[in-house]
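Undergrad: Line by line, the protein sequences are chains E and H.
Numbering of the first sequence is given in the UniProt record's numbering, commencing with residue 1 and proceeding in unit increments.
Numbering of the second sequence is given in the UniProt record's numbering, commencing with residue 1 and proceeding in unit increments.
For glycine and all other residues, C-beta sits at the position ideal for the given N, C-alpha and C.
Number of protein chains: 2
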Amino acid sequence: MATSPSSHSADGAGTADAQAQATPAFSPLYQQIKGLILQSLQAGEWKPGEVIPSEMDLAARFRVSQGTVRKAIDELAAENLVVRRQGKGTFVATHAEQHVRYRFLKLVPDSGDRDSEGPAGREVLECRRLRASADVARALALRTGDPVVQVRRVLTFGGVPTILEDLWLPGNAFKGLSADQMAAYQGPTYAMFELEFGVRMVRAEEKIRSVAADAAQAALLAVAEGSPLLSVERLSYTYSDVPMELRRGLYRTDTHHYRNELS
Amino acid sequence: MATSPSSHSADGAGTADAQAQATPAFSPLYQQIKGLILQSLQAGEWKPGEVIPSEMDLAARFRVSQGTVRKAIDELAAENLVVRRQGKGTFVATHAEQHVRYRFLKLVPDSGDRDSEGPAGREVLECRRLRASADVARALALRTGDPVVQVRRVLTFGGVPTILEDLWLPGNAFKGLSADQMAAYQGPTYAMFELEFGVRMVRAEEKIRSVAADAAQAALLAVAEGSPLLSVERLSYTYSDVPMELRRGLYRTDTHHYRNELS
DNA sequence: AAGTGGTCTAGACCACAAC
DNA sequence: TTGTGGTCTAGACCACTTG
């Protein structure tokens, strides 16, 4: 190993560490290794979809046993930052995988079969650069007035307009994002963010409410004014808990529902 | 170890196993151990809140190394079936813990602080035994007409009626459940189910929709008829994926929201 | 001091994939 | 055949809790 507070011996190598503070915030070796791997992921040393070095290589690099690297990677895999494939290696997770096509979208057709309705239709209504309002700035950890990109679009499933949503993105990280780009890219928007802007969304939080559609919303979703809609506010984070996208969606739930698993 | 398909050696004990089928559905030793522990949990050998034997004891009992038992327990802990406490032991998880008071309830006040509003008020409107309708029977894996218990109640937070919900429970497992019992018990209803009926809910699935309040619902929740409400249908399972409760809730989301974390 | 879970190591072997 | 992740073991030591 190298730095950080710790105390492990058994190896005879890190035994001479400083051990400065009284409560040096003990963190196990594998957590420190996890942190180092995380740094490399964040720095883009390995890009989404690529393999990372084998456990043996990483063990040699960090001067720890394979088991310790293994435990670090186990946690990264549990957080969906990395995907293990036996016999092949460990890969940086990406939103561009064919399997779970929309990892953050919990709206599913009542039939339960998301494949049956074919690919989602996308219509971008708006894509413009503007200055962050107070609430958008707070959510994205910016200052009021900082540049942001706002996108408004409608998603259509099986021919039915089902989702109306607004996205707000930090202007600096998403320079040059255009309506064409939003509309053209096949596959998840988050996959495009990875490819075009090097921004990978790692986790998100959602606040869900029931609301009544106003006239404009009703028109865009082809429902009656006052119809109940699901309001889903999503804040997505990159590495290190940096918020990178605020999304406010209105979901029709007459033929779809929001599915959640508790444990 | 004892039975099951596998092939592990390194121990010299299980080497003489049958190895009957062509593809004997290989499952690693720790998975088999996990299954055995699961059986003991299900059989009630250790009750919610109690300690289970130490890793060393279990290792001796199953004739495997501590590390193998450890990995089995790791998975059980990840599934919230069991809770580890360093220096004390491993405990059977329970809904009666003071910490996370309502493990399955994702509705939180907009302030974010669930403690600030004090304990939930409960009013049981109905508690009766009846015969399962077709849809209730299907959800609970019963036959139409089988006995079920239905409970209707209103939950109040900070003086405001916020949740109106119906519960359906298999009549056989919940013989003798009364309105008094539902109303009297302090703490989570699921904790009462553990204590009084030996039924422990392990996981659940929810389907969420936005709906408009009808006249009766509006009156009970003190909102205007037609107000948007969150419809939350929850199916809860005990061990071995046996469904044991269907719950249909209507949530007011004017001062609360449904909070979800994605990863 | 004794017991429990938590960490770390080292080495062996298995299952899977690719060359 | 080689290299990857996956499993299993055995033993040492650390951190936390309790008597």
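Going along the chain, which unbroken runs of the beta strand (DSSP E) with 3 or more residues stay wholly within the stretch 106-131 of chain E?
TA: 107-109, 121-131
Undergrad: Quick one: grab the DSSP three-state call for G226 of chain H.
TA: Working through the second sequence from its first residue, we reach residue 226 of chain H at position 226. Coil, per DSSP.
Undergrad: Pull up the CB-CB distance for A72 of chain H and V83 of chain H, whole angstroms please, since I reckon it's below 8 Å.
TA: In the second sequence, counting from the first residue as 1, residue 72 of chain H sits at position 72. In the second sequence, counting from the first residue as 1, residue 83 of chain H sits at position 83. That belief does not hold up - the Cβ atoms of A72 of chain H and V83 of chain H are roughly 15 Å apart, past 8 Å.
Undergrad: So, under 8 Å CB-CB, V64 of chain E and I33 of chain E are touching, yes? Tell me the CB distance rounded to an integer number of Å.
TA: As a working mapping, residue 64 of chain E is identified with position 64 in the first sequence. As a working mapping, residue 33 of chain E is identified with position 33 in the first sequence. Going by Cβ atoms, the distance from V64 of chain E to I33 of chain E rounds to 6 Å, so yes, they are a contact pair.
Undergrad: In the stretch 183-211 of chain H, which residues sit with their C-beta less than 7 Å from some C-beta in chain E, listed in chain order?
TA: R203, A204, E205, E206, K207, I208, R209, S210, V211
Undergrad: Quick one, which of H:P170, H:T156, H:G159, H:L229 has its alpha-carbon nearest A149 of chain H's?
TA: The residue you call residue 149 of chain H lines up with position 149 of the second sequence. Here residue 149 of chain H turns out to be Val, not Ala, going by the sequence shown. Closest by alpha carbon: H:P170.
Undergrad: Select from E:L221, E:A137, E:G159, E:F197 the residue whose C-alpha is nearest the C-alpha of E119 of chain E.
TA: Against the first sequence, residue 119 of chain E aligns to sequence position 119. Per the sequence shown, the amino acid found at residue 119 of chain E is Pro instead of Glu. Closest option to P119 of chain E, Cα to Cα, is E:G159.
Undergrad: Considering only DSSP beta bridges, list what Y258 of chain H is partnered with.
TA: The residue labelled residue 258 of chain H in the question sits at position 258 within the second sequence. Its beta-bridge partners are E:I208, H:L107.
Undergrad: Whose C-beta lies closer than 6 Å to the C-beta of S131 of chain E among residues of the same chain, with five residues either side of it excluded?
TA: Translated into positions along the first sequence, residue 131 of chain E becomes position 131. With the sequence shown as reference, residue 131 of chain E is identified as Arg, and Ser is not the correct amino acid for it. Excluding positions up to five away in sequence, the list reads G145.
Undergrad: In chain H, what lies closer than 9 Å to E79 of chain E by C-beta?
TA: Here residue 79 of chain E is taken as the residue at index 79 of the first sequence, counted from 1. Going along chain H in sequence order, the residues near E79 of chain E (Cβ under 9 Å) are S263.
Undergrad: Is E79 of chain E helix, strand or coil by DSSP?
TA: If you number the first sequence from 1, residue 79 of chain E lands on position 79. Here E79 of chain E sits in coil by DSSP.
Undergrad: May I have a chain-ordered list of the beta strand (DSSP E) segments no shorter than 3 residues that lie completely inside the UniProt domain "HTH gntR-type" (27-95) of chain E?
TA: 82-85, 89-92
Undergrad: Give me the Cα-Cα distance between H256 of chain H and L155 of chain H, rounded to the nearest whole angstrom.
TA: As a first step, residue 256 of chain H must be located in the second sequence, where it is residue number 256. As a first step, residue 155 of chain H must be located in the second sequence, where it is residue number 155. Roughly 13 Å between the two C-alpha positions.
Undergrad: Kindly confirm or deny that the stretch 170-190 of chain E and the stretch 237-255 of chain H touch, where touching means at least three C-beta pairs closer than 8 Å.
TA: Touching, no, given that fewer than three Cβ pairs across the two stretches are closer than 8 Å.
Undergrad: Starting from the Cα of Y258 of chain H, find the closest Cα among E:A218, E:A224, E:S210, E:R252 and give me that residue.
TA: Here the question's residue 258 of chain H lines up with position 258 in the second sequence. Per the Cα distances, E:S210.
Undergrad: Which stretch, first to last residue, makes up the alpha helix (DSSP H) that contains Q181 of chain E?
TA: The sequence position of residue 181 of chain E within the first sequence is 181, counting from 1. Q181 of chain E -> alpha helix (DSSP H) spans 179-184.
Undergrad: Would you check if there are 3 or more beta carbon pairs closer than 8 Å linking the stretch 184-202 of chain H to the stretch 190-203 of chain E?
TA: no
Undergrad: With a threshold of 6 Å on Cβ separation, who are the neighbours of L58 of chain E within its own chain once the five nearest residues in sequence on each side are excluded?
TA: Counted from its first residue, the first sequence places residue 58 of chain E at position 58. These residues qualify, in order along the chain: V69.
Undergrad: Could you check what DSSP says for S133 of chain H in three-state terms: helix, strand or coil?
TA: By 1-based counting over the second sequence, the position of residue 133 of chain H is 133. S133 of chain H falls in the coil class under three-state DSSP.
Undergrad: For F174 of chain H and A96 of chain H, I'd like the C-alpha separation in whole angstroms.
TA: As a first step, residue 174 of chain H is located in the second sequence; it is residue number 174 there, counting from the start. As a first step, residue 96 of chain H is located in the second sequence; it is residue number 96 there, counting from the start. Going by the C-alpha atoms only, they are around 19 Å apart.
Undergrad: Under the three-state reduction of DSSP, which class applies to S4 of chain H: helix, strand or coil?
TA: As a first step, residue 4 of chain H is located in the second sequence; it is residue number 4 there, counting from the start. Note on S4 of chain H: pLDDT 40, under 50, position unreliable in the model; the coordinate value appears next. Three-state DSSP puts S4 of chain H in coil, outside helix and strand.
Undergrad: Measure the C-alpha to C-alpha separation of L41 of chain E and L246 of chain E and round it to an integer number of angstroms.
TA: Indexing the first sequence from 1 puts residue 41 of chain E at position 41. Indexing the first sequence from 1 puts residue 246 of chain E at position 246. Taking the straight line joining both Cα atoms gives about 23 Å.
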